[in-house]
Amino acid sequence: MQTSSVIEKPVSQFKQGLNGGLSIAIGYMPVAITYGFLAKATGLSLFETVLMSLIVYAGASQYMALDMIAKSIGVFEVIFTTFIVNIRHMLMSASLNEKVVKERPWKKGIYAFGITDETFSVAAVQKEKLTTGYMFGLTLIAYSSWVCFSGVGYIIGSGLPAVFQEGMSIALYAMFIGLLVPSMKGSLKVVFLALIAAVFNSFFVLFELLSTGWAIVCSTLISAILIESIEVIRNKTGGNSNG
Amino acid sequence: MVSSVVWMIVGMGIVTYLPRMIPLVFLEKLKLPSFLQGVLKNVPYAILGALIFPGVLFIQEELWYGCLGAVVAFLIAYTGVNVIFVVIGSILVLTGVSIYF
Chain Y
407 MQTSSVIEKP
417 VSQFKQGLNG
427 GLSIAIGYMP
437 VAITYGFLAK
447 ATGLSLFETV
457 LMSLIVYAGA
467 SQYMALDMIA
477 KSIGVFEVIF
487 TTFIVNIRHM
497 LMSASLNEKV
507 VKERPWKKGI
517 YAFGITDETF
527 SVAAVQKEKL
537 TTGYMFGLTL
547 IAYSSWVCFS
557 GVGYIIGSGL
567 PAVFQEGMSI
577 ALYAMFIGLL
587 VPSMKGSLKV
597 VFLALIAAVF
607 NSFFVLFELL
617 STGWAIVCST
627 LISAILIESI
637 EVIRNKTGGN
647 SNG
Chain C
172 MVSSVVWMIV
182 GMGIVTYLPR
192 MIPLVFLEKL
202 KLPSFLQGVL
212 KNVPYAILGA
222 LIFPGVLFIQ
232 EELWYGCLGA
242 VVAFLIAYTG
252 VNVIFVVIGS
262 ILVLTGVSIY
272 F
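Structure representation (structure tokens):
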């Protein structure tokens with residue numbers, strides 16, 4: 407490539423970013439529609455539904471929030487759980503920081519909002535340094551899709567006949583199961599992570615030891631720490647044991 | 172009037188944005204201990220387990236209804252179809268069941 411002009415470069419990089427994000431935008435469609443659909447079932451208004459996608463922009467925690475709203479869990483517990491779930495973005499942000507070109511902090515601060523599991527995966531596998539234009543294109547198209555189709559899902563949910571109401575109560579759980587099972591297939595570790603958290607959570611809830619929100623937070627952390635500790639210990643003691 | 176849901180959304184937005192932003196804007200080189208990295212990677216799967224159980228059992232008064240729903244969702248998900256079909260399929264099966272029983 408020739409040395410391109412300073413003014414043209416960001417535009418073409420932006421378009422490259424849009425192209426890179428197109429598959430994510432398509433992939434988000436069904437997930438966002440499902441979210442909007444479930445938000446309607448949970449009793450949120452259209453405004454709240456789209457606002458959450460606009461401001462939070464994190465699939466898993468939005469679903470989780472719906473579930474916790476349905477269970478009338480306290481605001482603070484929902485926010486804390488959201489933090490626990492999304493703190494993993496810190497790893498992605500830190501890793502991308504090694505790959506992006508030097509830029510003014512406020513611009514990095516804007517595209518940082520668009521870091522998700524998916525945009526990270528696409529950005530992280532690029533061979534070249536990531537320009538700001540590219541990052542804007544990539545995150546903008548994915549974000550737009552997420553927000554728009556959340557609204558679409560809500561409207562679809564509104565048009566649903568009342569006969570489905572009882573069946574709708576499974577929707578959120580079906581969603582969680584639908585997210586979990588594909589990962590379980592490939593990894594025994596995922597199976598144990600989910601299973602141990604489920605057992606601890608059931609224990610906390612059924613014996614009324616913790617409120618539902620804290621039970622979810624505690625059982626998640628116990629499981630995540632326990633499994634990681636076991637893995638570290640196994641790796642230290644040779645790492646070739648099966649069981 | 173601003174509903175408590177709106178405040179919750181704003182709070183969720185803040186705690187979601189900060190981890191995305193801080194390493195890129197403030198930390199030139201952030202290296203979390205590898206154990207902590209591993210724990211954070213585990214969180215999404217663990218929380219799904221906790222979100223599903225025992226909540227799924229109590230979606231209706233009879234426990235079997237939720238059990239059936241979980242089994243149906245699991246079976247559909249196991250075929251590897253998109254999540255939205257898992258949701259729609261489970262709703263349809265349970266709707267059918269509640270019409271018949």
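From first to last, the protein sequence lines are chains Y and C.
So in the numbering used here, the last spot in the first sequence is 649, and the numbers never skip.
So in the numbering used here, the last spot in the second sequence is 272, and the numbers never skip.
Every residue gets a Cβ at the ideal spot worked out from N, C-alpha and C, and that includes glycine.
Remember, it's a predicted structure, so these values are computed and weren't measured experimentally.
Span of the alpha helix (DSSP H), counted from its first residue to its last, around P190 of chain C: By 1-based counting over the second sequence, the position of residue 190 of chain C is 19. Unbroken alpha helix (DSSP H) run through P190 of chain C: S175 to V196.
Chain Y within 8 Å of C271 of chain C, Cβ atoms only: On the second sequence, position 100 is the one that residue 271 of chain C refers to. Correcting the residue identity first, residue 271 of chain C is Tyr in this sequence and not Cys. No, Y271 of chain C lies away from the interface with chain Y (no Cβ there is under 8 Å from its Cβ).
Neighbour flag for L616 of chain Y against chain C, beta carbons, 8 Å: Here residue 616 of chain Y refers to the residue found at position 210 of the first sequence. Chain C, which has no Cβ nearer than 8 Å to the Cβ of L616 of chain Y, makes this no.
Short Cβ contact (8 Å threshold) for K446 of chain Y with G563 of chain Y: Translated into the one-based positions of the first sequence, residue 446 of chain Y becomes position 40. Translated into the one-based positions of the first sequence, residue 563 of chain Y becomes position 157. Yes, they are a contact pair.
Straight-line Cα distance separating Y236 of chain C from P243 of chain C: Mapped onto the second sequence, residue 243 of chain C falls at position 72. Mapped onto the second sequence, residue 236 of chain C falls at position 65. Checking the sequence, you will find Val at residue 243 of chain C rather than Pro. Going from the Cα of V243 of chain C to the Cα of Y236 of chain C covers about 11 Å.
Local conformation of L615 of chain Y per DSSP, three classes: By one-based count along the first sequence, residue 615 of chain Y stands at place 209. Note: L615 of chain Y maps to coil in three-state DSSP.
Chain-ordered chain C contacts of L452 of chain Y [CB-CB under 8 Å]: Along the first sequence, read from residue 1 onward, the residue named residue 452 of chain Y stands at position 46. None at all; the shortest Cβ gap to chain C is about 12 Å.
Straight-line Cα distance separating T626 of chain Y from L594 of chain Y: On the first sequence, residue 594 of chain Y is found 188 positions in, with the first residue counted as 1. On the first sequence, residue 626 of chain Y is found 220 positions in, with the first residue counted as 1. Taking the straight line from one Cα to the other gives about 17 Å.
W178 of chain C at chain Y interface by Cβ criterion, 8 Å: Position 7 of the second sequence, counted from the start, is the residue given in the question as residue 178 of chain C. Output row for W178 of chain C: interface = yes.
Cβ neighbour criterion (16 or more within 10 Å) applied to P190 of chain C: Here residue 190 of chain C refers to the residue found at position 19 when the second sequence is read from its first residue. The residue in question, P190 of chain C, is buried, as its Cβ has 16 or more Cβ neighbours within 10 Å.
Cα-Cα separation between I583 of chain Y and K421 of chain Y, rounded to whole angstroms: Locating residue 583 of chain Y in the first sequence gives position 177, where the first residue counts as 1. Locating residue 421 of chain Y in the first sequence gives position 15, where the first residue counts as 1. Near 36 Å, if we compare the C-alpha coordinates of K421 of chain Y and I583 of chain Y.
Unbroken stretches of the alpha helix (DSSP H), 4 residues or longer, contained in the segment 519 to 568 of chain Y: 523 to 530 and 538 to 564
Three-pair Cβ contact test at 8 Å for the segment 597 to 606 of chain Y versus the segment 482 to 492 of chain Y: no
CB contact flag (A471 of chain Y, T488 of chain Y, <8 Å): For this step, residue 471 of chain Y is matched to residue 65 along the first sequence. For this step, residue 488 of chain Y is matched to residue 82 along the first sequence. Cβ distance < 8 Å, so A471 of chain Y and T488 of chain Y count as in contact.
Three-state class that DSSP yields for S647 of chain Y in the structure shown: As a first step, residue 647 of chain Y must be located in the first sequence, where it is residue number 241. Since pLDDT at S647 of chain Y reaches only 45, below the 50 mark, its modelled position is unreliable, and the value read off the structure follows with that caveat. S647 of chain Y falls in the coil class under three-state DSSP.
Whether T545 of chain Y touches V507 of chain Y by CB criterion (8 Å): The residue you call residue 545 of chain Y lines up with position 139 of the first sequence. The residue you call residue 507 of chain Y lines up with position 101 of the first sequence. Contact flag unset, no.
Cross-chain neighbours of P215 of chain C in chain Y, by beta carbon under 8 Å: Here the question's residue 215 of chain C lines up with position 44 in the second sequence. Result: A466, V491 and R494.
Residues that V531 of chain Y contacts on chain C, provided the C-beta gap is smaller than 9 Å: On the first sequence, residue 531 of chain Y is found 125 positions in, with the first residue counted as 1. Correct list: empty, because the minimum Cβ distance to chain C is about 18 Å.
Given 8 Å, three or more beta-carbon pairs between the segment 553 to 567 of chain Y and the segment 217 to 227 of chain C: no
Neighbour list for D565 of chain Y in chain C, Cβ cutoff strictly below 7 Å: The residue you call residue 565 of chain Y lines up with position 159 of the first sequence. Inspection of the sequence shows that residue 565 of chain Y is occupied by Gly rather than by Asp. In chain order: nothing, as chain C lies at least about 14 Å away.
Contact set between the segment 617 to 631 of chain Y and chain C, restricted to residues whose Cβ is under 7 Å from the partner: I622, S625, T626, S629, A630 and I631
DSSP three-state assignment for M407 of chain Y, whether helix, strand or coil: In the first sequence, the residue the question calls residue 407 of chain Y occupies position 1. Only weak support is given to the placement of M407 of chain Y: the predicted model assigns it a pLDDT of 45, under 50, and the question is left unresolved by the model.
CB contact check: I255 of chain C to chain Y, cutoff 8 Å: Taking the second sequence and counting its residues from 1, one reaches residue 255 of chain C at position 84. So yes, I255 of chain C belongs to the interface.
Where A603 of chain Y falls, given that 16 or more other Cβ within 10 Å makes a residue buried: Within the first sequence, residue 603 of chain Y is the residue found at index 197, counting from 1. When all chains shown are included, A603 of chain Y counts as buried.
Cβ neighbour criterion (16 or more within 10 Å) applied to K514 of chain Y: Looking up residue 514 of chain Y in the first sequence gives position 108. Classification of K514 of chain Y: buried, given that the 10 Å Cβ count is 16 or more.
Segment limits, alpha helix (DSSP H) that includes E454 of chain Y: Mapped onto the first sequence, residue 454 of chain Y falls at position 48. Looking at the DSSP string, the run of the alpha helix (DSSP H) that includes E454 of chain Y is L452 to I461.
CB contact check: A198 of chain C to chain Y, cutoff 8 Å: Residue 198 of chain C sits at position 27 when you count from the first residue of the second sequence. The residue you asked about is not Ala; residue 198 of chain C is Leu in the sequence shown. Chain Y contact via Cβ: present.
Proximal residues to G240 of chain C (C-beta, below 6 Å), its chain only, five neighbours per side dropped: As a working mapping, residue 240 of chain C is identified with position 69 in the second sequence. Closer than 6 Å at the Cβ level, and outside the excluded window around G240 of chain C, lie S261 and L265.
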